[in-house]
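Quick note on our numbering: the sequence shown kicks off at 18 and runs consecutively.
Using N, Cα and C, we set each Cβ at its ideal position, and we do this for glycine too.
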Amino acid sequence: LAIPMQLRVGGRPLALEREALATALPVATGRVLVLVHGLCMNDLQWRRDGHDHGAALARDLHFTPLYLHYNSGLHISINGGGFAALLERLMDAWPVPVDELVIAGHSMGGLVARSACEAARRARLRWPRRLTKLVFLGTPHHGAALERAGNRVDLLAAVSPYTRPFARLGRLRSAGIQDLRHGNLLDADW
Numbered sequence: 018l019a020i021p022m023q024l025r026v027g028g029r030p031l032a033l034e035r036e037a038l039a040t041a042l043p044v045a046t047g048r049v050l051v052l053v054h055g056l057c058m059n060d061l062q063w064r065r066d067g068h069d070h071g072a073a074l075a076r077d078l079h080f081t082p083l084y085l086h087y088n089s090g091l092h093i094s095i096n097g098g099g100f101a102a103l104l105e106r107l108m109d110a111w112p113v114p115v116d117e118l119v120i121a122g123h124s125m126g127g128l129v130a131r132s133a134c135e136a137a138r139r140a141r142l143r144w145p146r147r148l149t150k151l152v153f154l155g156t157p158h159h160g161a162a163l164e165r166a167g168n169r170v171d172l173l174a175a176v177s178p179y180t181r182p183f184a185r186l187g188r189l190r191s192a193g194i195q196d197l198r199h200g201n202l203l204d205a206d207w
């Protein structure tokens, strides 16, 4: 279950070295689109019924699409920090000059993208200077109602000694899911 964070194309990881990227992406453009999946999803789920959202944007708007694959069970802040560092490496290794970087995040992926922007700002990384747009699709910026409801059920179940074991089971939700309750982007230490 320890999914390593990586940028992928066609379900295959990219080596973030200039020559490797030039070989893997022979028609790379200076317009880079990174698609960030949501909770319990993966980089291949940007496809539906034969339609690939990244490929369509590449065709229509001349972007080079990349897909982030990450462990959505980790804290959003951990994924955001890792994503920020990965984007810095990507910009340094991109085979052509990058004119524009766009990030599209679905659900939790939007929170991970926002967290990456904050991590980059704090670390004074260079890639945000190329970021022109952040696109959010169903991102719970103010928290996810379903996670808040799950937390309430846990609190109610903890009241009775008969249902207390169920409350303990409910608290086994991942850190990433628990971060969704309030739309947390940052680690408590930030």
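>> For the pair the region 66 to 79 and the region 98 to 117, tell me if three or more CB-CB distances fall below 8 Å.
In response: no
> Taking DSSP as the reference, what is the three-state secondary structure of residue 19?
Replying inline: Indexing the sequence shown from 1 puts residue 19 at position 2. Coil, per DSSP.
> Which of helix, strand or coil does DSSP assign to residue 207?
Replying inline: Position 190 of the sequence shown, counted from the start, is the residue given in the question as residue 207. Any reading at residue 207 must be qualified, since the residue scores a pLDDT of 45, below 50, and its modelled position is unreliable; no value is offered.
>> So the candidates are 155, 43, 121, 89; which of them puts its Cα closest to the Cα of residue 20?
In response: Within the sequence shown, numbered from 1, the residue matching residue 20 stands at position 3. Ranking the options by Cα distance to residue 20, first place goes to 89.
> Can we say the region 81 to 99 touches the region 49 to 62, given the rule of at least three CB pairs closer than 8 Å?
Replying inline: Yes, since at least three Cβ pairs between the region 81 to 99 and the region 49 to 62 fall closer than 8 Å, the two stretches touch.
> To the nearest angstrom, how far is it from the Cα of residue 46 to the Cα of residue 92?
Replying inline: Counted from its first residue, the sequence shown places residue 46 at position 29. Counted from its first residue, the sequence shown places residue 92 at position 75. When rounded, the distance between both Cα atoms is 32 Å.
>> If distances are taken between C-alpha atoms only, which option among 48, 98, 61, 104 comes closest to residue 33?
In response: Start at 1 with the first residue of the sequence shown, and residue 33 comes out as number 16. When only C-alpha atoms are compared, the closest one is 104.
> Helix, strand or coil: how does DSSP classify residue 71 here?
Replying inline: Position 54 of the sequence shown holds residue 71. It is helical.
>> Using the Cβ count rule (16 or more neighbours within 10 Å means buried), how would you classify residue 66?
In response: As a working mapping, residue 66 is identified with position 49 in the sequence shown. So residue 66 counts as exposed.
> Using the C-alpha atoms, what's the distance from residue 177 back to residue 109?
Replying inline: Position 92 of the sequence shown, counted from the start, is the residue given in the question as residue 109. Position 160 of the sequence shown, counted from the start, is the residue given in the question as residue 177. Across the structure, residue 109 and residue 177 are spaced so that their CA atoms are roughly 56 Å apart.
> Among 94, 101, 111, 63, which one has its Cα closest to the Cα of residue 37?
Replying inline: The count along the sequence shown starts at 1 and reaches residue 37 at position 20. Residue 37 has its Cα closest to that of 111, out of 94, 101, 111, 63.
> Exposed or buried, what is residue 106 when buried is set at 16 or more other beta-carbons lying within 10 Å of its beta-carbon?
Replying inline: As a working mapping, residue 106 is identified with position 89 in the sequence shown. The residue is exposed, with fewer than 16 neighbouring Cβ atoms inside 10 Å.
>> For a quick check, are the C-beta atoms of residue 128 and residue 101 less than 8 Å apart?
In response: Counting from 1 along the sequence shown, the entry for residue 128 is found at position 111. Counting from 1 along the sequence shown, the entry for residue 101 is found at position 84. Not a contact, by the Cβ cut-off of 8 Å.
> Relative to the alpha-carbon of residue 61, which residue among 44, 99, 152, 24 has its alpha-carbon at the smallest distance?
Replying inline: As a first step, residue 61 must be located in the sequence shown, where it is residue number 44. Nearest C-alpha to residue 61: 24.
> Grouping DSSP H, G and I as helix and E and B as strand, with all else coil, what is residue 104?
Replying inline: Indexing the sequence shown from 1 puts residue 104 at position 87. It is helical.
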